[in-house]
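Sequential numbering from 522 applies to the sequence shown in my numbering.
Before any comments, here is the structure.
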Amino acid sequence: MVDSSGSSMMEEDDEYLDNEAESSHHHGSDSESSDHHGSDSHVDGHVHPDDASDENIELEVANEENDSEVLDSEYVNKLIVGSDKSFDYYGDSDLETCDNVEVFGNVIKEKEYKGECDRDIGHPGEEREKYWKIMDMTFVSEPAAYYFYNSYAKDHGFSIRKSRYKENKKASHDIHKRQFVCSREGKRSSKYLPLKGRKYKPRAESRCGCTTQLVVKLDKSKGVWCVEKFDDKHNHILARPDEVPFLWSHRKIKDFQRAEILAMAASGIRKHMIMSSFISKYGRYNQVGFTRKDLYNMCAREKRKLLSSGDAATAIGIMQSRKEKDPDFFYDHQLDDKGRLKCLFWCDSQSRQDYQDYSDVLVFDNTYKMNRYGMPFVPFVGLNNHRKTTIFGCAIISNETEDTYAWLLKTFLKAMSQKRPRSIITDADAAMMRAIRSVLPDVWHRICTWHIEKNMCKHLSSKSLPEFWSLLYYSTTKAKFKEEWHAYVRKWQTDKTKPWLNRMYKRKHLWAAAYLADGFWLGMKRNQCRQSLNSSLHLHLDYGMTLVDLIMHYENAIVRIRETEARDDCTALQTMPVIVTKWQQIKLAMASTFTPANFYILQDDLRKIEGMTTVEKSVGIENSVRYLVAWSNNRRHNFSVDYTPNNPAQSIDCNCRRMVRRGIPCKHILFMLTELKLVELPRCIVLARFSKNARSGLPSRRTSDLFGWGFAGAEERSRYSELRVMSSEALHVACNNPELYKQVKTL
């Protein structure tokens, strides 16, 4: 150190060090350097190259680094007197309040004072008192000193950063002296000033050589940190209160805020909505503590950290973690020869349970390619008892070959305990159709009519479309279909349409109603389940997604769909549909048995049977009775309804086979139920999968284990959510009670 006479008393273990230049200290350098922190948090010590300083700023303690604890009055008066020409926090400066100065870059030029100033300068006595108040302060630690000075800077319109420090080189390298400076201290390094050869536009310069600082030193005898030097003069304009939140040291995302942000992002909430939520929570944007840019940057850093081991490896790791938490969770994957992810399939325990209850019709296609790799995203979906979409599983594949689809179908059956669906609806992908014939040869398969209609508009003339629609949708005999097809070809075929018509005729068993009349489709002609899933995923998917993003957003879509299912279950079990028109008893039986979605379909059909009549009645074997029913205005087309009244195995069937195709009774059966005045529904016309008791009795598990994102796990997130709800209720009560408000403020 240097004493008052100027002799050198500097000890080797009492030298100032730079946080970013410790290597020079270890090489025995005597030069002093500064911490220059120009990133999102000045506490962390990260610096942008443009904000680095090439000047070594000397730390003046008392008189030329005098270590005396007492500062002479001349030095104090220097800091206070002349405040009308400098920036301080105890009185308004001319630059803030008047036009008597001009600012050119980092140079402040004084104008002639013309009396424009409207505010008085603080009294020097008051400034001296405040100065000594800070000089007499002590802190329990260096972070406590930083917290105080940063709070002080926030109140007065500037930001700070950590600068030089001293450490004990002979012992544990503990810091015993620290300098905090204004973030505009120093100058930008000259090597960052030239614009030639720069790829990006340089960041605006913020350094202007401000000398404001606070130096704290550890008093080892008392174990506290004391203020050794305090300089409060600025050479730049101070920020207004509405500008302070954008200064560097006042922008920090705290740990609990980080956890909330990551949890909301994992729930599918967009980042701009997350920021709006925080602003609403804190009341004003300047109370949040960080900016929108900080939020976006933090999310980007967390994503890079998450994907540090690779996107595919992270995705598989998530699957393995979920498997450990839930033994019923299933996943499988394939790697190619180079160790890259080729196929990935997964389904949770609720999806596997849903398939056991609603496995009769399976819908899947590969039209989703919403990720940065262009890998097809293949959801397996079905129809629940409310005629809404339910999800059985999901896959990501790297190619669309027959082998890939065959592996996918085999893996799906493995996950579902080898239970096969009764029918499948897919798009017109040739490789997929070959894989289905190979793996599920005995399952009904049809092409989605939406894809066919799309290709019809592409290949056929608009005048020929109505006739092709009749081939597509109207059920006739196979012989009648062939006759109508050849008539259509003779009338409309051209050289341009011939190849497409030939392909369609070869695949007629996959799309023509005449060939699909005996299949079990639940009334589904197109993969509307997938379209419903598309509407759920539309708000979440985009082409820049990673595989991990895709998994997270798929999970969000599942949660939305299961929330809807839970609401429909509640409506079905806790309410009763309003019964209109006549036939009250039979409708009451339907309302008590079927879910509302199916009941309203049947009720609409009952409204349409008033024009129906019984044409003929005949008695068959075993007390069965056959009724011929037809419309009163068209008796040429009649339908036979066979009814066997034996209890309890009474049965009723119609030759229109709607019960077989759609799973609900047709108009002809409903007409005979009213004619026979039955008050209970025969069991044969109540398909369990459309009833209120469609579930096999196992409780539903509709929650997700991925909503613990940002926390140590789902359990911690659950505890946090519980405490947050309790605290919100308590705060709501306290804000309306002045006494409770004061008590809560003191906690």
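Every residue, glycine too, gets a C-beta built ideally from N, C-alpha and C.
Taking DSSP as the reference, what is the three-state secondary structure of valine 1099? coil
Which one of Glu921, Ser1242, His771 has the shortest CA to CA distance from phenylalanine 898? Glu921
Give me, in chain order, the residues of the same chain whose beta-carbon lies closer than 7 angstroms to that of cysteine 731; leave out the 5 immediate sequence neighbours on both sides. Cys703, Arg705, Glu706, His755, Asn756, His757.
Could you spell out the range, first to last residue, of the beta strand (DSSP E) harbouring aspartate 1163? Element bounds for aspartate 1163: 1155-1165.
Anyone know if the C-beta pair for serine 684 and leucine 768 falls short of 7 angstroms? no
Environment of alanine 666 [buried if 16+ CB atoms lie within 10 Å]: Buried.
Is it true that the CB of arginine 699 sits closer than 7 angstroms to the CB of valine 737? yes
Report the three-state DSSP secondary structure of serine 710 (helix, strand or coil). coil
Helix, strand or coil: how does DSSP classify proline 1220 here? coil
Inter-stretch contact at 8 angstroms, needing at least 3 Cβ pairs: the region 940-948 / the region 957-975: Touching, yes, given that three or more Cβ pairs across the two stretches are closer than 8 angstroms.
Taking proline 987 as part of the beta strand (DSSP E), name the residues at either end of that continuous run. Unbroken run through proline 987 is the alpha helix (DSSP H), 986-994; no beta strand (DSSP E).
Between the alpha carbons of arginine 1182 and valine 882, how many angstroms are there, rounded? 11 angstroms
List the residues that DSSP assigns as beta-bridge partners of histidine 677. Answer is none; histidine 677 lacks a bridge partner.
Within 7 angstroms of any Cβ in chain D, is that where the Cβ of serine 770 sits? In summary, chain D is missing from the structure at hand, where a single protein chain is found.
Using DSSP with H/G/I as helix, E/B as strand and the rest coil, what is glutamate 1137? strand
Buried or exposed, going by whether 16 or more other CB atoms sit within 10 Å of the CB of methionine 1097? exposed
Counting along the chain, where does the beta strand (DSSP E) carrying alanine 927 start and finish? It is not in any beta strand (DSSP E) - alanine 927 instead sits in the alpha helix (DSSP H) that spans 923-936.
Quick one: what does DSSP say serine 944 is sitting in, helix, strand or coil? strand
Which residues in the same chain have their Cβ closer than 6 angstroms to the Cβ of glutamine 855, if we skip the five residues on either side of it in sequence? Lys863, Cys864
Range of the contiguous beta strand (DSSP E) that encloses arginine 1147: 1146-1152
Which class does glutamine 1264 belong to by DSSP, given the choice of helix, strand or coil? helix
Classification of leucine 1191 by the beta-carbon crowding that lies within 10 angstroms, buried from 16 upward: buried
One question on the structure: do isoleucine 839 and phenylalanine 811 come within less than 7 angstroms of each other, judged by their Cβ atoms? no
State the Cα-Cα distance for the pair histidine 949 and histidine 972, rounded to the nearest angstrom. First, the amino acid is wrong: residue 949 is alanine here, not histidine. Rounded to the nearest angstrom, the two C-alpha atoms are 7 angstroms apart.
For cysteine 1091, is the classification buried or exposed, using 16 other Cβ atoms within 10 angstroms of its Cβ as the cut-off for buried? exposed
Span of the beta strand (DSSP E) holding tryptophan 746? 745-752
So, are the CB atoms of isoleucine 946 and valine 884 less than 7 angstroms apart? yes
Mind checking whether lysine 792 and leucine 816 have CB atoms under 7 angstroms apart? The Cβ-Cβ distance between lysine 792 and leucine 816 falls below 7 angstroms.
Measure the CB-CB distance between tryptophan 1104 and glycine 1132 and report whether it falls below 7 angstroms. no
What residues in its chain sit with their C-beta under 6 angstroms from that of valine 1200, if we drop five residues either side in the sequence? If we look at valine 1200 and ignore the five residues flanking it on each side, its Cβ neighbours are Gln1106.
Per the DSSP calculation, glutamate 688 is bridged to which residue(s)? Glutamate 688 pairs with Ile696.
If we count the other Cβ atoms within 10 Å of its Cβ and call it buried at 16 or more, is histidine 771 buried or exposed? buried
Per DSSP, the bridge partner or partners of lysine 720: Lysine 720 pairs with nothing; no bridge assigned.
If you draw a straight line from the C-alpha of glutamate 988 to the C-alpha of lysine 1017, how long is it? 18 angstroms
For the beta strand (DSSP E) containing aspartate 1174, name the first residue and the last one. 1172-1175
Beta-carbon contacts of serine 1139 that lie in its chain and below 6 angstroms, excluding the five residues immediately before and after: Arg1147
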